[in-house]
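Visitor: Same order as they appear, the protein sequences are chains H and C.
Going letter by letter, the first sequence gives residues 1 to 248 in our numbering.
Going letter by letter, the second sequence gives residues 249 to 496 in our numbering.
Ideal Cβ placement from N, Cα and C applies to all residues, glycine included.
Fair warning: this is a prediction, and the values are worked out from it, not measured in the lab.
What follows is a single structure, and I will ask about it in a moment.
Protein chains: 2
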Amino acid sequence: MFHTRPLVVEKSAIEPCSACAARPYSVCSAIDDKDLSRLAALAQIITPAAGRSFIEEGDPAEHFFNITGGTAKLFKLLPDGRRQITGFAGVGHFLGLAVSTTYAFGAEAIEPMRVCRFSRPRLRSLLEDFPALERRLLEVASNELVMAQEQMLLLGRKTARERVASFLIARADGQTPRPAYCTHVSRPSAVWLPMTRSDIADYLGLTIETVSRTFTRLRSERLIETPSPSEVVIRDHAGLERLATGME
Amino acid sequence: MFHTRPLVVEKSAIEPCSACAARPYSVCSAIDDKDLSRLAALAQIITPAAGRSFIEEGDPAEHFFNITGGTAKLFKLLPDGRRQITGFAGVGHFLGLAVSTTYAFGAEAIEPMRVCRFSRPRLRSLLEDFPALERRLLEVASNELVMAQEQMLLLGRKTARERVASFLIARADGQTPRPAYCTHVSRPSAVWLPMTRSDIADYLGLTIETVSRTFTRLRSERLIETPSPSEVVIRDHAGLERLATGME
DNA sequence: CGTGCTTTTGAAAATCATCAAGTATAGTGG
DNA sequence: CCACTATACTTGATGATTTTCAAAAGCACG
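Rendered as structure tokens:
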């Protein structure tokens, strides 16, 4: 939606990379302060509104993207409209790695976003000069690969309940990391879901209805509470985790 | 199976990298002839027999692997034995990229294999000296990521027929690349399947029975022929491809 | 206070899984 | 060379999870 309104593009010089809140989480952390100006010179900032697409699957891949605010959904489509969301990308996430000349997936903001955009050829030349950046990218790609494999296990072999449980656990762990020594403790934790049921369904390979019914069931089993559709409180983290890993 | 018999490990010096048949397909192509000796010094060759595991999910990740012969299946398991095969790795394939200290997946030979094995810390130091190798690895990882996303679409949103069709098309295209100008021509092409129906099922998120029935149906529809269980002839490549991409 | 959207809930239908049996195929040992 | 066994594959009947179809309830926004 809103495909016709042009994205707002500013010069990144207005707010330098050194002050970027996303820097510690992003690939840019691989670049020293003194070299940041070169990076900044390459960057444009775009601010897609919620619901706005900023990568179209199949389009020529002209840019890399670095998310500095908000969340996007990444997805692939079949000709008849079936959709698979391959991931949700938040602050610090890097997009557009594909070697191909076209994007292998689409991306759409689910919250208002701030995105740093780099032209591919220019970032390529930067990569030549900063091997550390390349190393960081390899690290990022490797991690994504591990997560992709985990998602394949979920999509291919887990039940609806296990999928929803896995999703909630991943969200909870991703948002509120805590020391290892207390992961076994059952305590409530709040999870914020910026995406719709439809997005969750397309991420988990289910339908909206099944996702909704599964939430209802987990609630009736006292594993979670749902103060609002976009807010979930995990009441029994350990139990939900056992469910997620297929242990019951 | 055969977990108790030790893997045969030889010094790679016996057959130098320069003569390696897999080199043009593998990451090693990023290293010049003159530097190959350094690479060779780090490599051990292992030759897992068919059915032999050579990576155990969860084990400390001490090595990288480069496949120079045969095929492996890569998989993840759930505690109750459910299995998701995340990919089949053939000649030139590089394994073990994960940043983590443990392997995120298991690997088992489905044909007799030849595998080049590198100790992680030692390859890391090699990476410092050869940025081209790192660039190549990033390329490989990016491609894998694209394939993983494609597989997520398959597992999350395609029907059993579409999954099997996609699998056969991918096998056919991967094995016998042909010029773009004749991709629309319907002509028979033979596909060799070294893996069992069980492997195919675990790769496509289906059961053995569904895979078998789907093959039978595609045969009755004259889209394929199956001279033997491990051999498929694609009679209508275009038709199968339309099926695979969800166009009918 | 409608209007439109998301979410929830219900009933029916369908795809795919499970259970079960039978048929090939390959390898083994007599 | 041929039974014999083990394994893989195929086919059939039944069943269950999930989807589809349908409608009502909850919420945000103008």
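1) Could you tell me whether the Cβ atoms of H93(H) and I67(H) are closer together than 8 Å?
2) Between which two residues does the beta strand (DSSP E) carrying T86(H) extend?
3) Using CA atoms only, rank isn't needed, just tell me which of L381(C), A355(C), A418(C) is closest to A297(C).
4) Which chain C residues sit within Cβ distance under 9 Å of V146(H)?
5) Using 8 Å as the threshold, is the C-beta distance between L322(C) and F353(C) below it?
6) Report the neighbours of S142(H) on chain C: residues whose CB is nearer than 7 Å to its CB, in chain order.
7) What did DSSP end up calling P24(H) once you bin it into helix, strand or coil?
8) Does the Cβ of R124(H) have 16 or more other Cβ atoms within 10 Å, making it buried, or fewer, making it exposed?
9) Taking the beta carbon of T102(H) as the centre, do at least 16 other beta carbons fall within 10 Å, making it buried, or is it exposed?
10) E382(C) touches chain H at which residues, Cβ-Cβ below 8 Å?
11) Got a sec: which bits of the segment 326-341 of chain C sit with their beta carbon under 9 Å from any beta carbon on chain H, in order along the chain?
12) Any idea which residues DSSP pairs G487(C) with across the strands?
13) Strictly below 8 Å CB to CB, what residues from chain H border K324(C)?
14) Is the Cβ of T493(C) closer than 8 Å to any Cβ of chain H?
15) Mind checking whether L326(C) and I417(C) have CB atoms under 8 Å apart?
16) For the segment 112-131 of chain H and the segment 407-417 of chain C, state whether three or more C-beta atom pairs, one from each stretch, are separated by less than 8 Å.
17) Using a cut-off of 7 Å between C-beta atoms, extract the partners of G205(H) located in chain C.
18) Name the DSSP bridge partner or partners of G69(H)?
19) For K76(H), count neighbouring C-beta atoms within 10 Å of its own C-beta (all shown protein chains included) and say buried if the count is 16 or more, exposed if not.
20) Which same chain residues end up closer than 7 Å to K158(H) when comparing Cβ atoms and leaving out the 5 residues on each side of it in sequence?
21) Would you mind working out which of L343(C), I279(C), Q397(C) sits nearest E304(C), comparing C-alpha positions?
22) Express the C-alpha separation of Y451(C) and L206(H) in angstroms, rounding to a whole number.
23) So F463(C) is in the beta strand (DSSP E); what residue range does that whole segment cover?
24) Using only the alpha-carbon positions, how far apart do E469(C) and L126(H) sit?
25) Output yes or no for whether 8 Å exceeds the beta carbon distance between A270(C) and A309(C).
Guide: Checking against the coordinates, here is how it stands:
1) Along the first sequence, read from residue 1 onward, the residue named residue 93(H) stands at position 93. Along the first sequence, read from residue 1 onward, the residue named residue 67(H) stands at position 67. Yes. Within cutoff.
2) Taking the first sequence and counting its residues from 1, the one referred to as residue 86(H) is at position 86. Its beta strand (DSSP E) spans residues 83-89.
3) Within the second sequence, residue 297(C) is the residue found at index 49, counting from 1. Comparing Cα positions, the closest option is A355(C).
4) By 1-based counting over the first sequence, the position of residue 146(H) is 146. The contacting residues are L345, A346, V347, S348, A352, F353.
5) By 1-based counting over the second sequence, the position of residue 322(C) is 74. By 1-based counting over the second sequence, the position of residue 353(C) is 105. Annotated as proximal: L322(C) and F353(C), with beta-carbon spacing under 8 Å.
6) Position 142 of the first sequence, counted from the first residue, corresponds to residue 142(H). What S142(H) touches in chain C: L345, A346, V347, A389.
7) Mapped onto the first sequence, residue 24(H) falls at position 24. Under the three-state reduction of DSSP output, P24(H) falls in the helix class.
8) Taking the first sequence and counting its residues from 1, the one referred to as residue 124(H) is at position 124. With fewer than 16 other Cβ atoms within 10 Å, it is exposed.
9) To locate residue 102(H), count along the first sequence from 1; it is residue 102. The residue is exposed, with fewer than 16 neighbouring Cβ atoms inside 10 Å.
10) What you label residue 382(C) is simply residue 134 of the second sequence in a count that begins at 1. Taking the beta carbon of E382(C) as reference, the chain H residues within 8 Å of it are P131, E134, R135, L138, listed in sequence order.
11) Going along the segment 326-341 of chain C in chain order, one finds L326, P327, D328, R330, R331, Q332, I333, T334, G335 with a Cβ nearer than 9 Å to chain H.
12) Locating residue 487(C) in the second sequence gives position 239, counting from the first residue. In the DSSP assignment, no residue is bridged to G487(C).
13) Taking the second sequence and counting its residues from 1, one reaches residue 324(C) at position 76. Within chain H, the C-beta atoms nearer than 8 Å to that of K324(C) come from Q149, E150, M152, L153, in chain order.
14) Within the second sequence, residue 493(C) is the residue found at index 245, counting from 1. For T493(C), the answer is yes, since a Cβ of chain H falls inside 8 Å of its Cβ.
15) Here the question's residue 326(C) lines up with position 78 in the second sequence. Here the question's residue 417(C) lines up with position 169 in the second sequence. No, the Cβ-Cβ distance between L326(C) and I417(C) is not below 8 Å.
16) They do not touch, by the three-pair rule.
17) Residue mapping note: residue 205(H) aligns to position 205 of the first sequence, counting from 1. The answer, in chain order, is L403, G404, R405.
18) In the first sequence, counting from the first residue as 1, residue 69(H) sits at position 69. Beta-bridge pairing links G69(H) to R114(H).
19) Start at 1 with the first residue of the first sequence, and residue 76(H) comes out as number 76. Buried.
20) Residue 158(H) sits at position 158 when you count from the first residue of the first sequence. Contacts found: S166, G246.
21) To locate residue 304(C), count along the second sequence from 1; it is residue 56. The option with the nearest alpha carbon to E304(C) is L343(C).
22) Working through the first sequence from its first residue, we reach residue 206(H) at position 206. Working through the second sequence from its first residue, we reach residue 451(C) at position 203. Cα to Cα, L206(H) sits roughly 19 Å from Y451(C).
23) Translated into the one-based positions of the second sequence, residue 463(C) becomes position 215. Residue range 456-468 is occupied by the alpha helix (DSSP H) that includes F463(C), with no beta strand (DSSP E) assigned at that position.
24) The residue given as residue 469(C) occupies position 221 in the second sequence. The residue given as residue 126(H) occupies position 126 in the first sequence. Approximately 53 Å, taken between the alpha carbons.
25) Position 22 of the second sequence holds residue 270(C). Position 61 of the second sequence holds residue 309(C). With respect to the 8 Å criterion, A270(C) and A309(C) are not classified as neighbours on the basis of their beta carbons.
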